[in-house]
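So the mapping is simple: the working numbering equals the position in the sequence shown, first residue as 1, plus 5. We put the CB at the ideal spot given by N, CA and C, even for glycine. The model shown is predicted, which means the values in this text are computed figures rather than measured ones.
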Amino acid sequence: MSTTRPMLNQREAAAACGVSRSTIRRRREAGLLPGAVEDPERGWLIPVEALLAAGFTLNAPAPPDPSSPHGPASARADLGDLVGGSVAELRAELERVRHQHALELAEARHGRALAESEAVHLRAQLDARAEHIGDLQRALQALMPAPVRPAIPQPGEGLGRSPYGG
Numbered sequence: 006m007s008t009t010r011p012m013l014n015q016r017e018a019a020a021a022c023g024v025s026r027s028t029i030r031r032r033r034e035a036g037l038l039p040g041a042v043e044d045p046e047r048g049w050l051i052p053v054e055a056l057l058a059a060g061f062t063l064n065a066p067a068p069p070d071p072s073s074p075h076g077p078a079s080a081r082a083d084l085g086d087l088v089g090g091s092v093a094e095l096r097a098e099l100e101r102v103r104h105q106h107a108l109e110l111a112e113a114r115h116g117r118a119l120a121e122s123e124a125v126h127l128r129a130q131l132d133a134r135a136e137h138i139g140d141l142q143r144a145l146q147a148l149m150p151a152p153v154r155p156a157i158p159q160p161g162e163g164l165g166r167s168p169y170g171g
């Protein structure tokens, strides 16, 4: 299996994440560390991406190890050597992605505000035009001649008999 990021054994992964080996083992056995493979020489190897995806933070402060003459600082320095600086690369990439996301979010919010403002403006224009159309229709109606109504025959007109029986 070829990967662009380093693979850590369970001990290295536990040190890198500031957790116990049994925590890493339990997560691996539960299937929460995809891509883990068993190597005959190094044991279980876990991709750095799987650790990050599982919510671990690399180079998290480890609890002090009383049996270690160098302490946690030395362990973190050793880990940095193991992964060849890729932790710093991953952090830089994460920061770049976060920054890019923040910019895209700000652009989307700005675009939404502009669209809402434009919608309010267009509604106001529609209302004004509807009122103007109503005024024009009333003016046109006032200028139109009254409809011609058929005259009602008066008694004694027309056929000589009143339509009212008179």
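Could you tell me the distance, in whole angstroms, from the CA atom of residue 105 to the CA atom of residue 113?
To locate residue 105, count along the sequence shown from 1; it is residue 100. To locate residue 113, count along the sequence shown from 1; it is residue 108. About 12 angstroms.
Using a threshold of 7 angstroms, state whether the C-beta atoms of residue 53 and residue 11 are closer than that.
For the purposes of this step, residue 53 is taken as the residue at position 48 of the sequence shown. For the purposes of this step, residue 11 is taken as the residue at position 6 of the sequence shown. Yes, the pair counts as a contact, with Cβ atoms nearer than the cut-off.
List the DSSP bridge partners of residue 48.
As a first step, residue 48 is located in the sequence shown; it is residue number 43 there, counting from the start. For residue 48, which the question treats as bridged, DSSP gives the partners 44.
For residue 151, which residues in the same chain have their Cβ closer than 8 angstroms to its Cβ, ignoring the five residues on either side in sequence?
Translated into positions along the sequence shown, residue 151 becomes position 146. Here the set comprises nothing.
Using the three-state DSSP reduction, which class does residue 91 fall into: helix, strand or coil?
Here residue 91 refers to the residue found at position 86 of the sequence shown. Here residue 91 sits in helix by DSSP.
Coarse secondary structure for residue 99, derived from DSSP in three states
Against the sequence shown, residue 99 aligns to sequence position 94. Three-state DSSP puts residue 99 in a helix.
Using only alpha-carbon positions, find the residue among 62, 14 and 37 that is nearest to residue 51.
Along the sequence shown, one-based indexing puts residue 51 at 46. Per the Cα distances, 14.
Would you identify the three-state DSSP class for residue 13, choosing helix, strand or coil?
For the purposes of this step, residue 13 is taken as the residue at position 8 of the sequence shown. Strand.
In terms of alpha-carbon separation, which member of 154, 16 and 59 lies closest to residue 37?
For the purposes of this step, residue 37 is identified with residue 32 of the sequence shown, where counting begins at 1. Measuring from the Cα of residue 37, the nearest candidate turns out to be 59.
Separation of residue 33 from residue 47, as counted between CA atoms
In the sequence shown, the residue the question calls residue 47 occupies position 42. In the sequence shown, the residue the question calls residue 33 occupies position 28. If I take the Cα positions, the gap works out to 15 angstroms.
Rounded distance between the beta-carbons of residue 18 and residue 56, thought under 8 angstroms
The count along the sequence shown starts at 1 and reaches residue 56 at position 51. The count along the sequence shown starts at 1 and reaches residue 18 at position 13. Yes, residue 56 and residue 18 are in contact; Cβ-Cβ is about 6 angstroms, under 8 angstroms.
Is it buried or exposed for residue 153, if we count other Cβ within 10 angstroms and need 16 for buried?
Start at 1 with the first residue of the sequence shown, and residue 153 comes out as number 148. Flag for residue 153 reads exposed.
Could you tell me which of 45, 39, 44 and 61 sits nearest to residue 25, measuring between CA atoms?
Reading the sequence shown from its first residue, position 20 is the one you call residue 25. Residue 25 has its Cα closest to that of 61, out of 45, 39, 44 and 61.
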